[in-house]
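Single-structure report; data block below.
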Amino acid sequence: VRIEEAKGLRRAVLILAGSCPDVETYFSYDMSVCIDCKQLLSEVFIHRAKTVQQARAELRAAVLEALSLNKSLHVRMADTAFDWANFCSDDFPPEVFNGLRWTVEEARSRGF
């Protein structure tokens with residue numbers, strides 16, 4: 058209920074839940090667009106299966122999908138300490154994490 062209230066007020070929702078399967082279940086039913094940070098770290102920095110640029114393009118695609126389908130963007134951190142400050146770019150701007158600054162209008166002005 059509080060999540061829907063926050064969405065109605067155009068506020069970002071932050072859910073902190075360590076190893077809580079109920080959160081994963083909620084987001085699976087919510088049909089949100091998921092960015093899995095643990096997988097991203099593994100593919101880019103450990104296995105080197107993707108470049109940072111390829112990963113940024115995928116992040117952009119996730120934001121576009123969430124915006125176009127009016128879905129939540131679920132950034133699953135899992136047990137990672139992801140360095141968003143160095144990973145954000147024009148393809149995935151840091152404003153995505155700020156509900157007041159990242160509006161549909163702002164996204165459209167940036168080509169999303």
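In terms of the numbering used here, the sequence shown opens at residue 58 and continues consecutively. Every residue, glycine too, gets a C-beta built ideally from N, C-alpha and C.
### Task
Figure out for me which residue from G168, Y86, S85 and C77 has the closest Cα to the Cα of V120.
G168
### Query
Got a sec? Which residues, its chain only, sit under 6 Å from F139 by beta carbon, not counting five neighbours each side?
C94
### Query
Are D87 and R113 close, meaning C-beta to C-beta below 7 Å?
no
### Task
Evaluate the contact criterion for the region 105 to 112 versus the region 74 to 88: three or more CB pairs, one atom per stretch, below 8 Å.
no
#### Entry: Sequence-distant residues of the same chain with beta carbon closer than 7 Å to T137, five excluded per side
C94, K95 and L98
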